[in-house]
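> Please see the structure below; I have some questions.
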Amino acid sequence: MDPCGLVLLLLLMARNGSFQQEEVCSKTLINSCNDCIQSGPFCVWCKQLNFTNAGEQEAVRCNTKAKLIAKGCSSGEIVFPKNFLDVEKEEALSSRFNQQEPVQLSPQKIRLSLRPGFGAFVDKTVLPFTNTNEEKLQKPCDEDYQQCQAAFGYRHVLSLTASEKDFRQKVNEQFISGNLDIPEGSLDAMMQAAVCRDVIGWRNSSTRLIVLTTDAGFHMAGDGKLAGILEPNDEKCHMKNNLYTQSSHMDYPSVGQLAMQLGKNNIQPIFAVTNEVVTVYQQLSKMIPKSEVGVLSSDSRNVVELIEAAYKRLSSKVTLTHDNLPDDVRVVYTPICPNAGPAGGSEGVCDNVPVGQEIMFNVTVTADSCMTEKSFTIRPLGIKDTLTVTLTTECECHCDDSLKTDQDHCSHKGRVTCGICSCNEGFVGQFCNCSIGDKDEESLRAFCRRENGTECEGRGDCECGRCKCHNTKNGGTYYGKYCECDNEHCEKFQNKLCGGNGRCDCGICKCSTDYEGTACQCKKSEEECKTANKTVCFGRGKCRCNHCECNEGYQRPLCRDCFGCPDPCQTKVNCIECQGFESGAFKKNCSVACSSITSEKVEQFTITSKQCQHKDSEGCWIKFRLHQLIGEDNYKAEILSQRDCPEPPNVIAIISAAVASVALIGILLLMLIKSLIYFKDLKEYKKFENEKKKSKWAEADNPLFKDATTTVQNPTFTGE
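Those letters in the sequence shown? Residues -20 to -1, 1 to 700, per mature numbering (1 follows the signal peptide of the UniProt record, and there is no 0), in order.
Here it is in structure tokens:
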């Protein structure tokens, strides 16, 4: 059987790469070329003499290539160590180099010869997993008629062999055994089969398979505590006379331990299990790379077909991984095949690979720090072949400097190293032009301090009486005589320094031509403030940042209306009266008091604003309309020529009506009083009558009473 070929494309990503990334050089405390190239993958160094201006620090030599060229550095004077790859060993499929993209191919074709081997397992021979009664240990099966062998942990029956006859014979010689609980010690058996290379007979160049056939689940790490077994599994071989000797003394292995040893020894497990436990082993297979699960029939007749199908699935899936990876080194894989797994992962996976098909992986190796020579291996799971990668890092600049000392560029007091001076003892400065021998060091440092200040404001180093400023944390630069300035601490607008419309200079925004404001947030244009007649904010506000800032009461956007201002119909009525009819409170100084109003008397209104109507000082109704002009208190007024004045009052009629009203009220009042007295007397009379009726006295004449009437007859009267 011819397996698929593997092609490994190795990209050593320590300083540059094939991915399109934004080129940014983040730098801090750059004092040399070595510091620069270690700051980031896009940081390069300009070694050109006299590249820095007076007062500039040497750190400006470190930046991206594009920015250095833009600043005037010749491309031939740029130090930029590049990656390289040297293929030391090639297999049958050759490698070709395409600039910095070398391609190395793994063996294209191998011949696979499978040798079957056989081992058996039951479980640990301790309670509660196995009945420890002496008789039950020898014959743990319940049915008397069955041939049953004694319980054991794991027994190696036959080493790997090419003899099919021996294999069949040993399998047929095996009898069943038993234990108390349902789970079995299958992980114990697989661990010993994986680590006991010599006992099993694994060949170095073989494809290694373990086929586990069972109808039950498995015990794993921690279950041994039920039997008082506390010692964890040590992942070592403990076979003696083909029996696992530590079964009763060492705990079961964990799934992680088993998966690690299977991967380490390039062993691919196939779980041939019954339908009752297939779910359990499918979950186990997810945790063990390069493993497969198949369902046994009730009589296990399909075991050969099952193993063949599982092996085909295993061999069609290629998984690339790595071992012994050094610290600060990252490896990611990008498979290039029809059924590729996710790109950029810690493993590369190609699935459903037909036999004989050639597949390719891009392998990207990134070194995050400087290191001495390190090695690691890249290998496909389940296959012996490996690729050894020896990695070194370029952390030093090779500038091909002259070995001559006391060079002219360094004032004959030092030599040039990557474009900057390395001064002789007793001399400092950019060009070694400062001798500290003729000055007291403290007096030199005094030039680097402001009064009552710190040396270079704590942002630089004092060299030869001059501050050499550091870089900021964000890659900017401190500057100024005492490093007191930077270009990062300015006012922000919309979370942008100087609103993105200027540059920060020593804490103050220097705005571009079209902008103004403390944060360059204001556009100088007044287009958004202009009305239809090209006035700005109707004269009732100021245009700032291309928006009207209105006077109190007036509303944006153009300060046209004032909803909180007094009604001009009320405040301007006196001016309308004096201008229209020469009367009212402002009659004597109308031209002065009402200079902001221009009025006109009309027969009919032409202004479409609200009509005002008020009484003047003479009691006449004045009708007028106001139109607000540019400005806050300027109006144009139209006044109707005719006032509505009422007729004079009829004094006589008013007096007569008043007198008549008073008399009528008096009469009504007297009638009311008389009525009250009458009703009161009537009430008293009725009361008297009632009391009179109640008395029972008899009538009698008073003897003392004399009638008040005396009748006198005229004697001369004859009656005629």
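The C-beta atom is built at its ideal place from N, Cα and C for all residues, glycine as well.
In angstroms with no decimal places, state the Cα-to-Cα distance between CYS592 and ASN614.
Roughly 17 Å between the two C-alpha positions.
> In whole angstroms, give me the CA-to-CA distance for HIS218 and GLN226.
HIS218 and GLN226: Cα-Cα distance of roughly 6 Å.
> If distances are taken between C-alpha atoms only, which option among SER19, LYS510, ARG281, PRO546 comes closest to GLU529?
Looking at the Cα atoms, LYS510 is the closest of the given residues.
> Indicate whether ASP195 and THR254 have their beta-carbon atoms separated by less than 7 Å.
Yes, they are a contact pair.
> Looking at the secondary structure, which residues open and close the beta strand (DSSP E) in which CYS447 lies?
Per DSSP, CYS447 belongs to the beta strand (DSSP E) from 446 to 449.
> Expressed to the nearest angstrom, what Euclidean distance is found between the alpha-carbon atoms of ALA142 and SER265?
Roughly 28 Å between the two C-alpha positions.
> By the 10 Å Cβ neighbour count, where 16 or more other Cβ atoms means buried, how is GLN172 classified, buried or exposed?
Under this definition GLN172 is a buried residue.
> Using a 10 Å radius around the Cβ and a threshold of 16 neighbouring Cβ atoms, would you call ASN78 buried or exposed?
Here ASN78 scores only 44 on pLDDT, less than 50, and its place in the model should not be relied on; the value that follows carries that caveat. It is exposed - the Cβ of ASN78 has fewer than 16 other Cβ atoms within 10 Å.
> Using three-state DSSP, classify VAL333 as helix, strand or coil.
The answer is coil: DSSP assigns VAL333 none of H, G, I, E or B.
> In the DSSP assignment, find the unbroken alpha helix (DSSP H) run with ILE190 in it and report its ends.
Unbroken run through ILE190 is the beta strand (DSSP E), 188 to 194; no alpha helix (DSSP H).
> With burial defined as no fewer than 16 other Cβ atoms inside 10 Å of the residue's Cβ, what is the status of PHE251: buried or exposed?
Per the 10 Å Cβ criterion, buried.
> Between which two residues does the alpha helix (DSSP H) carrying PHE659 extend?
Taken as a continuous stretch (DSSP letters only), the alpha helix (DSSP H) holding PHE659 covers 631 to 674.
> Taking the alpha helix (DSSP H) that ILE49 falls in, what are its first and last residues?
Where ILE49 is concerned, the enclosing alpha helix (DSSP H) stretches over 45 to 51.
> Can you look up MET219 in the DSSP assignment and give me helix, strand or coil?
In this structure, MET219 counts as strand in the three-state DSSP scheme.
> Here's a check: name, in chain order, each residue in its chain whose Cβ is nearer than 6 Å to the Cβ of CYS500, leaving out the five neighbours to either side.
Within the same chain, CYS500 has close Cβ partners CYS478, GLY479, ASN481, GLY482, CYS489, CYS491.
> List the endpoints of the continuous alpha helix (DSSP H) containing VAL553.
Per DSSP, VAL553 belongs to the alpha helix (DSSP H) from 553 to 561.
> To which residues of the same chain is CYS470 closer than 7 Å at the C-beta, ignoring the five residues directly before and after it?
Closer than 7 Å at the Cβ level, and outside the excluded window around CYS470, lie LEU477, CYS478, CYS484, GLY487, ILE488, CYS489.
> Can the beta-carbon of GLU272 be found less than 7 Å from the beta-carbon of THR301?
No, they are not a contact pair.
> If you draw a straight line from the alpha carbon of GLY519 to that of ALA617, how long is it in whole angstroms?
If I take the Cα positions, the gap works out to 19 Å.
> Taking its Cβ as the centre, do 16 or more other Cβ atoms sit within 10 Å of TYR224, making it buried, or is it exposed?
Buried, because 16 or more other Cβ atoms sit within 10 Å of the Cβ of TYR224.
> Candidates TYR261, THR578, ILE634: which alpha carbon is nearest HIS607's?
Comparing Cα-Cα distances from HIS607 to each of TYR261, THR578, ILE634, the minimum goes to THR578.
> With which residues is THR434 paired in a DSSP beta bridge?
Answer is none; THR434 lacks a bridge partner.
> Using the C-alpha atoms, what's the distance from ILE653 back to GLU671?
Spanning the two alpha carbons is a distance of roughly 28 Å.
> Mark ALA39 as exposed unless 16 or more other C-beta atoms lie within 10 angstroms of its C-beta, in which case mark it buried.
By the neighbour-count rule (16 or more Cβ atoms within 10 Å), ALA39 is buried.
> Output needed for TYR261: all residues of its chain with C-beta closer than 7 Å, excluding positions within five of it in sequence on either side, in chain order.
So the list reads PHE251, VAL253, VAL273, once near-sequence residues are dropped.
> Does DSSP put PRO322 in a helix, a strand or coil?
Coil, per DSSP.
> At the level of alpha carbons, what is the spacing between GLU506 and CYS542?
Roughly 22 Å between the two C-alpha positions.
> Report the partner residues of LYS490 according to the DSSP bridge assignment.
The partner list for LYS490 (beta bridge, DSSP) reads ARG483.
> Tell me where the alpha helix (DSSP H) around SER6 begins and ends.
Premise fails: SER6 is in no alpha helix (DSSP H) and is neither H nor E.
> What span of residues does the alpha helix (DSSP H) with LYS244 cover, start to end?
LYS244 -> alpha helix (DSSP H) spans 235 to 244.
> Per DSSP, what kind of secondary structure is MET170 in: helix, strand or coil?
MET170: helix per DSSP, three-state reduction.
> Helix or strand or just coil, what does DSSP make of VAL83?
Unreliable positioning characterises VAL83 in this predicted model, as indicated by a pLDDT of 35, which lies under 50. A coordinate reading is not provided.
> Counting pairs of Cβ atoms below 8 Å between the stretch 395 to 404 and the stretch 10 to 29, do you hit three or more?
Touching, yes, given that three or more Cβ pairs across the two stretches are closer than 8 Å.
> Between the Cα of GLN410 and those of GLU443, ASN432, CYS42, spot the shortest distance and give me the residue it belongs to.
Selected option, being the one with the closest Cα: GLU443.
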